[in-house]
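If you're matching them up, the sequences are chains A and B in order.
Heads up: the first sequence begins at 1 in our numbering, then just goes up one per residue.
Heads up: the second sequence begins at 1 in our numbering, then just goes up one per residue.
Quick reminder that beta carbons are idealized off the backbone N, C-alpha and C, glycines included.
2 protein chains.
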Amino acid sequence: MARIQSKKNSTKKEIIMEKAARLFREKGFGAASMRDIAEALGVEAASLYNHIQSKSEILQAICFKVANEFISHLEEVERDSDTTLKKMENIIKVHIRMMLDSYEYVYISDHEWRHLPEPYLSNFLNQRRSYRKRLSDIIQEGINRNEMKNIDPYVAVLTILSAISGIESWHRSRKTITAEILESNMVKYLIEGLKK
Amino acid sequence: MARIQSKKNSTKKEIIMEKAARLFREKGFGAASMRDIAEALGVEAASLYNHIQSKSEILQAICFKVANEFISHLEEVERDSDTTLKKMENIIKVHIRMMLDSYEYVYISDHEWRHLPEPYLSNFLNQRRSYRKRLSDIIQEGINRNEMKNIDPYVAVLTILSAISGIESWHRSRKTITAEILESNMVKYLIEGLKK
DNA sequence: AGGCGATCCTAACACTTGTTAGTTTTCATT
DNA sequence: AATGAAAACTAACAAGTGTTAGGATCGCCT
Chain A
1 MARIQSKKNS TKKEIIMEKA ARLFREKGFG AASMRDIAEA LGVEAASLYN
51 HIQSKSEILQ AICFKVANEF ISHLEEVERD SDTTLKKMEN IIKVHIRMML
101 DSYEYVYISD HEWRHLPEPY LSNFLNQRRS YRKRLSDIIQ EGINRNEMKN
151 IDPYVAVLTI LSAISGIESW HRSRKTITAE ILESNMVKYL IEGLKK
Chain B
1 MARIQSKKNS TKKEIIMEKA ARLFREKGFG AASMRDIAEA LGVEAASLYN
51 HIQSKSEILQ AICFKVANEF ISHLEEVERD SDTTLKKMEN IIKVHIRMML
101 DSYEYVYISD HEWRHLPEPY LSNFLNQRRS YRKRLSDIIQ EGINRNEMKN
151 IDPYVAVLTI LSAISGIESW HRSRKTITAE ILESNMVKYL IEGLKK
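Laid out in structure tokens, this is it:
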């Protein structure tokens, strides 16, 4: 009767979330079963319900954890940076690093959110929309201040966020380039396209 | 006993593919059931098997149709365009337009390919890798000819393709901007970041 | 009118799904 | 060593999965 091993500073729920995240990414939320998750933990499926309430609770926890981290990072950046270009550069860097460090979680929050049950789904999408609105406000201000070239802010935000989310593909590949090269080149590309 | 209506120039298989594509996108491949697809067509699930051989055959057909279209477009562009910048601009436009016109298909080929069964999965990924390699060769040549700024070609390709695939998000939203504005601004952003 | 292939239906199959109930084991604290 | 909570187990559930078999019905062609 193997137990879920309690690791350093992690609740059992978090350990389940991590294993589940891996499987959700590999097979998709729908195709990854509770029995799959349990097996990955060396445990029976029913045992998971001592630590979580449902399969979708795992998804909720992951999605909102990621969303909250991005929001608090954004607030930090808005406080600390001076020019609009620096703001955007820092935001881009935060996103890239989150994608590099918390790959599984960010991926799921990017791709599997539509399996959230209501009302969490609406909640998530509202948060997302407002987050993007705040980014496009920064870009609009950059254009007004003549720091950025005249580009539709909505399109710019879409382009930036989507480009970064594509790092998934690098992560999945046999890495022919390092994370550092990836980061610096992508920042360069995205910022150069923004600059006046 | 409602029949699957034969439309203009479409085999019944193609009609099934279109309805299925919609559902695969909305719910994901795993979560969209054969009974869902059948219901959308006003038919029983078993009846579908007169026109297709399996659920995953639908996915295969969609993924490889998209892949083939991109490849033949690429060959066309490589023949007709002169400078490397023009080549990339045309390729980007082709991708954007495919995303705008054949939204459902492209989305599935972008996001649901991992549910392909072997050996189709390996096949698909090989095609994809070689396609991206050809794009990054164009960029490398652009750098050599001093038409483009010095950027890692792999990262550039990743950025471009991911950015375009993010149009999905526009498609899903209440469109506050037109397709034309989206296209022209995204092309501008992605090409400006590439130019020397 | 009769036939025939295409296309549909119903019924069923063997499995898998998330989840619950009830029981037993583990382990830290007394 | 005894206690009690935490966490595991087995067994089962109702519902849903892709798919097949066999029979009914449609619509076109002679």
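Any C-beta of chain A under 7 Å from that of residue i
i, result
"Glu141(B)", "no"
"Asn146(B)", "no"
"Ile177(B)", "yes"
"Thr84(B)", "no"
"Ile108(B)", "no"
"Ile52(B)", "no"
"Ile181(B)", "yes"
"Tyr49(B)", "no"
"Val187(B)", "no"
"Tyr154(B)", "yes"
"Gly42(B)", "no"
"Ala20(B)", "no"
"Ile58(B)", "no"
"Ile37(B)", "no"
8 Å contact criterion, which residue i and residue j should meet: CB distance rounded
i, j, result
"Ile108(B)", "Cys63(B)", "7 Å"
"Met99(A)", "Ile167(A)", "5 Å"
"Ile37(B)", "Ile16(B)", "7 Å"
"Ala163(A)", "Ala156(B)", "No, Ala163(A) and Ala156(B) are not in contact; Cβ-Cβ is about 10 Å, not under 8 Å."
"Glu112(B)", "Leu59(B)", "6 Å"
"Phe29(B)", "Ala67(B)", "Rounded, the Cβ-Cβ distance is 16 Å, inconsistent with contact."
"Leu74(B)", "Ile91(B)", "7 Å"
"Ile177(B)", "Tyr154(A)", "6 Å"
"Asp110(A)", "Ser165(A)", "5 Å"
"Trp170(A)", "Leu182(A)", "6 Å"
"Lys195(A)", "Met148(A)", "7 Å"
"Val187(A)", "Lys93(A)", "6 Å"
"Met34(B)", "Lys12(B)", "With 8 Å as the limit, Met34(B) and Lys12(B) do not qualify as a contact, their Cβ atoms being about 15 Å apart."
Buried/exposed call for residue i, threshold 16 Cβ in 10 Å
i, result
"Tyr49(A)", "exposed"
"Gly142(B)", "buried"
"Asn146(B)", "exposed"
"Asn150(A)", "exposed"
"Gly193(B)", "buried"
"Arg25(A)", "buried"
"Pro117(A)", "exposed"
"Thr84(A)", "buried"
"Glu104(B)", "buried"
"Ser72(B)", "exposed"
"Gly42(A)", "exposed"
"Asp152(A)", "buried"
"Asn126(B)", "exposed"
"Ala46(B)", "exposed"
"Glu159(A)", "Note that residue 159(A) is Thr in the sequence shown here, rather than Glu. Buried is the call here."
"Asn185(A)", "buried"
Beta carbon proximity, residue i to chain B, threshold 7 Å
i, result
"Ser122(A)", "no"
"Ser162(A)", "yes"
"Asp137(A)", "no"
"Leu158(A)", "yes"
"Glu192(A)", "yes"
"Ile91(A)", "no"
"Ile62(A)", "no"
"Ile96(A)", "no"
"Ala67(A)", "no"
"Ala46(A)", "no"
"Ile16(A)", "no"
"Ile151(A)", "yes"
According to DSSP, residues forming a beta bridge with residue i
i, result
"Lys195(A)", "Met148(A)"
Inside the region 61-110 of chain B only - alpha helix (DSSP H) runs reaching at least 4 residues: 84-101
Continuous alpha helix (DSSP H) assignments of at least 4 residues falling wholly in the region 19-55 of chain A: 34-41
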